[in-house]
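Chains A and B are the protein sequences, given in the same order.
The opening residue of the first sequence carries number 0 in numbering that gives the first Met the number 0; numbering runs sequentially from there.
The opening residue of the second sequence carries number 0 in numbering that gives the first Met the number 0; numbering runs sequentially from there.
Even glycine gets a Cβ: it sits at the ideal position worked out from N, Cα and C.
There are 2 protein chains.
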Amino acid sequence: MTELRADARRNREELLDVARQVIREQGVDASLRDIARRAGVGIATLYRHFPTRDDLIAAIIGEGIQRLNARAAELAETKPPGEAFEEWLSYMASRIGPYHGLPGAIHDALTTDGSPLGILCADMMDVGDRLLTRAQTDGVIRPDVTWPDIFTAVAAISAIATQSGPDTSTRILDVYLDGLRTNP
Amino acid sequence: MTELRADARRNREELLDVARQVIREQGVDASLRDIARRAGVGIATLYRHFPTRDDLIAAIIGEGIQRLNARAAELAETKPPGEAFEEWLSYMASRIGPYHGLPGAIHDALTTDGSPLGILCADMMDVGDRLLTRAQTDGVIRPDVTWPDIFTAVAAISAIATQSGPDTSTRILDVYLDGLRTNP
DNA sequence: ACCTGAACACCGTTCAAGT
DNA sequence: ACCTGAACACCGTTCAAGT
Numbered sequence: 000m001t002e003l004r005a006d007a008r009r010n011r012e013e014l015l016d017v018a019r020q021v022i023r024e025q026g027v028d029a030s031l032r033d034i035a036r037r038a039g040v041g042i043a044t045l046y047r048h049f050p051t052r053d054d055l056i057a058a059i060i061g062e063g064i065q066r067l068n069a070r071a072a073e074l075a076e077t078k079p080p081g082e083a084f085e086e087w088l089s090y091m092a093s094r095i096g097p098y099h100g101l102p103g104a105i106h107d108a109l110t111t112d113g114s115p116l117g118i119l120c121a122d123m124m125d126v127g128d129r130l131l132t133r134a135q136t137d138g139v140i141r142p143d144v145t146w147p148d149i150f151t152a153v154a155a156i157s158a159i160a161t162q163s164g165p166d167t168s169t170r171i172l173d174v175y176l177d178g179l180r181t182n183p
Numbered sequence: 000m001t002e003l004r005a006d007a008r009r010n011r012e013e014l015l016d017v018a019r020q021v022i023r024e025q026g027v028d029a030s031l032r033d034i035a036r037r038a039g040v041g042i043a044t045l046y047r048h049f050p051t052r053d054d055l056i057a058a059i060i061g062e063g064i065q066r067l068n069a070r071a072a073e074l075a076e077t078k079p080p081g082e083a084f085e086e087w088l089s090y091m092a093s094r095i096g097p098y099h100g101l102p103g104a105i106h107d108a109l110t111t112d113g114s115p116l117g118i119l120c121a122d123m124m125d126v127g128d129r130l131l132t133r134a135q136t137d138g139v140i141r142p143d144v145t146w147p148d149i150f151t152a153v154a155a156i157s158a159i160a161t162q163s164g165p166d167t168s169t170r171i172l173d174v175y176l177d178g179l180r181t182n183p
């Protein structure tokens, strides 16, 4: 894993660069053949580096997910629980939404064991769960809603961004967040 | 349209029966070739009866959409505006959700002119808009939310049903509906 | 170690040829 | 009028053969 022959390393980088761009444009169901072609590499080479589509997606969004986790820690320290939780959800939506089909892929990955994408997102789920619990303990978020439900909801709502635009997605998320708050 | 040769009529019925089942099982992206094969008909025959996938989907869910519109009229007469609106949204979600990919297809169809599915759903959009306006006039639903937004939200949330099950979808919809209500 | 293209089994869509 | 399969240009995935 860590030691790669020079040519292999170059191919891997090129594949990732191309895939990042193509997937941002066409979504997570983009043609793998097309990605290999644009990277100037045989289709089998793509499969050697990324045995499944899941592996490729995980490699592409890995960094973004880590940033998401870091942001959670940051918000937890600087903002009150309710604000931290809501801001983090909005941030998550803005990062995940633009990749067409990604929320669905993450959801599938989380319930498929051994999925690299699932493993990658497991930490994110823990982080979210903790932020939620803090906000619920603080009494600002309804105590009867679970984190898996909220994650599923925010994922589905963020997916709207690729169809109806980020503004629509944001407005809908705001209404949902309002429903999440305890009535004073 | 109305006059079909006996064999053509039989083929059309068989295609619709098979398509209804296959699409319920596999979603709106199911293989058209597979549907034709199972219907015991050449692939070109499917295309002759339904020139686009859109036509086929519209033909399949047409009856369901009309039932949806009828239900709206019924609810408007028998229930107070807020209840009528919310019940209709839940009913819509329960009808649309189970078909994987249908909410997305409807959304695309509504913004593509000439789409048979879009034409079919246009009435439904009017009906929903009227129910919303009544509920807003009655003061029970937030006045600052538009019908297209609500439709998009409910469509996205109902789509959850095929991934996480109808119960999850229902719970999430409840939270969203809560966010839609005016705070007393 | 790594790369490659051919191979296989699928698609969606169209079109000439059949009845 | 209507039906049909072949044809074309694509997929995802695997595997034997190359360096």
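Residues of chain B with CB closer than 7 Å to the CB of residue 133 of chain A, please, in chain order. On the first sequence, position 134 is the one that residue 133 of chain A refers to. The premise fails here: residue 133 of chain A is roughly 19 Å from chain B at the closest Cβ pair, so nothing lies under 7 Å.
Can you list, in chain order, the residues of the region 88 to 113 of chain A whose Cβ is nearer than 7 Å to any Cβ on chain B? 103 and 106
Jot down the residue ranges of each uninterrupted alpha helix (DSSP H) in the region 31 to 76 of chain A, minimum 4 residues, whole runs only, in chain order. 31 to 37 and 42 to 48
Taking buried to mean at least 16 other C-beta atoms within 10 Å of its own C-beta, is residue 6 of chain A buried or exposed? What you label residue 6 of chain A is simply residue 7 of the first sequence in a count that begins at 1. With fewer than 16 Cβ atoms within 10 Å of its Cβ, residue 6 of chain A is classed as exposed.
Segments assigned beta strand (DSSP E), at least 3 residues, entirely inside the region 106 to 145 of chain B: none
Kindly indicate which three-state DSSP category residue 170 of chain B falls into: helix, strand or coil? The count along the second sequence starts at 1 and reaches residue 170 of chain B at position 171. Residue 170 of chain B: helix per DSSP, three-state reduction.
Please report the distance separating the alpha-carbon of residue 0 of chain A from that of residue 45 of chain A. Here residue 0 of chain A refers to the residue found at position 1 when the first sequence is read from its first residue. Here residue 45 of chain A refers to the residue found at position 46 when the first sequence is read from its first residue. Its pLDDT being 49, under 50, residue 0 of chain A is placed unreliably in this model, and the coordinates cannot settle the point.
Compare the Cα-Cα distances from residue 133 of chain B to each of B:21, B:28 and B:87 and report the closest residue. On the second sequence, residue 133 of chain B is found 134 positions in, with the first residue counted as 1. Nearest option by C-alpha distance: B:87.
Mind pulling the chain A residues with CB within less than 7 Å of residue 20 of chain B? For the purposes of this step, residue 20 of chain B is identified with residue 21 of the second sequence, where counting begins at 1. Under the 7 Å cutoff, chain A gives no residues; its nearest Cβ is about 24 Å from residue 20 of chain B.
Kindly indicate which three-state DSSP category residue 4 of chain A falls into: helix, strand or coil? Here residue 4 of chain A refers to the residue found at position 5 when the first sequence is read from its first residue. Looking at residue 4 of chain A - three-state DSSP - the assignment turns out to be coil, as it is neither helix nor strand.
Chain A within 8 Å of residue 179 of chain B, Cβ atoms only: Taking the first residue of the second sequence as 1, we reach residue 179 of chain B at position 180. Closer than 8 Å: yes.
May I have the straight-line CA-CA distance separating residue 81 of chain A from residue 96 of chain B, to the nearest angstrom? One-based indexing of the first sequence puts residue 81 of chain A at position 82. One-based indexing of the second sequence puts residue 96 of chain B at position 97. Rounded to whole angstroms, residue 81 of chain A to residue 96 of chain B spans 31 Å at the Cα level.
Per DSSP, residue 180 of chain B forms a beta bridge with which residues? Position 181 of the second sequence, counted from the start, is the residue given in the question as residue 180 of chain B. Answer is B:140, bridged to residue 180 of chain B.
Between the C-alpha atoms of residue 122 of chain B and residue 75 of chain B, what's the straight-line distance to the nearest angstrom? Within the second sequence, the letter at position 123 stands for residue 122 of chain B. Within the second sequence, the letter at position 76 stands for residue 75 of chain B. If I take the Cα positions, the gap works out to 16 Å.
Closer than 8 Å at the beta carbon, the chain A residues around residue 159 of chain B: Counting from one through the second sequence, the residue named residue 159 of chain B turns up at place 160. Simply 151, 152 and 155.
Start and end residues, alpha helix (DSSP H) containing residue 80 of chain A: Counted from its first residue, the first sequence places residue 80 of chain A at position 81. Element bounds for residue 80 of chain A: 80 to 95.
Consider the Cβ of residue 169 of chain A: report whether some Cβ of chain B lies at a distance smaller than 8 Å. Residue numbering aside, residue 169 of chain A sits at position 170 when the first sequence is read from its first letter. No, its Cβ sits nowhere closer than 8 Å to a Cβ of chain B.
Run through chain B and tell me which residues come within less than 8 Å of residue 30 of chain A, C-beta to C-beta. In the first sequence, the residue the question calls residue 30 of chain A occupies position 31. Here the premise fails: no neighbours, minimum Cβ distance about 15 Å.
Does the beta-carbon of residue 53 of chain B have 16 or more other beta-carbons within 10 angstroms, so that it is buried, or is it exposed? If you number the second sequence from 1, residue 53 of chain B lands on position 54. Flag for residue 53 of chain B reads buried.
Using the beta-carbon of each residue, which ones in chain B are nearer than 7 Å to residue 148 of chain A? Looking up residue 148 of chain A in the first sequence gives position 149. The contacting residues are 167, 170 and 171.
First and last residue of the uninterrupted alpha helix (DSSP H) at residue 29 of chain A: In the first sequence, counting from the first residue as 1, residue 29 of chain A sits at position 30. It is not in any alpha helix (DSSP H) - residue 29 of chain A carries neither H nor E in the DSSP assignment.
According to the neighbour-count rule (16 or more other Cβ atoms, all chains shown, within 10 Å of its Cβ), is residue 172 of chain A buried or exposed? Numbered from 1 along the first sequence, position 173 holds the residue referred to as residue 172 of chain A. So residue 172 of chain A ends up on the buried side.
Beta-carbon separation of residue 178 of chain A and residue 139 of chain B under 8 Å? By one-based count along the first sequence, residue 178 of chain A stands at place 179. By one-based count along the second sequence, residue 139 of chain B stands at place 140. Not in contact: residue 178 of chain A and residue 139 of chain B (Cβ atoms no closer than 8 Å).
Rounded to whole angstroms, what's the CA-CA distance from residue 106 of chain B to residue 151 of chain B? Just pull it up for me. For the purposes of this step, residue 106 of chain B is identified with residue 107 of the second sequence, where counting begins at 1. For the purposes of this step, residue 151 of chain B is identified with residue 152 of the second sequence, where counting begins at 1. Those two C-alpha atoms are separated by around 7 Å.
Counting only the same chain and skipping the five closest in sequence on each side, list residues whose C-beta sits under 6 Å from that of residue 99 of chain A. Along the first sequence, read from residue 1 onward, the residue named residue 99 of chain A stands at position 100. So the list reads 26 and 161, once near-sequence residues are dropped.
Are the C-beta atoms of residue 25 of chain B and some chain A residue less than 8 Å apart? Taking the first residue of the second sequence as 1, we reach residue 25 of chain B at position 26. Not one chain A Cβ lies under 8 Å of residue 25 of chain B.
If we ignore side chains and look at the alpha-carbon of each, how far apart do residue 156 of chain B and residue 42 of chain A end up? For the purposes of this step, residue 156 of chain B is identified with residue 157 of the second sequence, where counting begins at 1. For the purposes of this step, residue 42 of chain A is identified with residue 43 of the first sequence, where counting begins at 1. About 37 Å.
Close Cβ partners of residue 68 of chain B (< 8 Å) along its chain, the five nearest in sequence each way excluded: Looking up residue 68 of chain B in the second sequence gives position 69. So the qualifying residues of the chain are 122, 123 and 126.
Measuring CB to CB, does residue 112 of chain B end up less than 8 Å from residue 167 of chain A? Position 113 of the second sequence, counted from the first residue, corresponds to residue 112 of chain B. Position 168 of the first sequence, counted from the first residue, corresponds to residue 167 of chain A. The answer is no: Cβ separation not under 8 Å.
With 16 other Cβ atoms within 10 Å as the buried cut-off, status of residue 135 of chain A: The residue labelled residue 135 of chain A in the question sits at position 136 within the first sequence. So residue 135 of chain A counts as buried.
With a threshold of 8 Å between beta carbons, is residue 175 of chain A in contact with chain B? Position 176 of the first sequence, counted from the start, is the residue given in the question as residue 175 of chain A. Chain B, which has a Cβ nearer than 8 Å to the Cβ of residue 175 of chain A, makes this yes.
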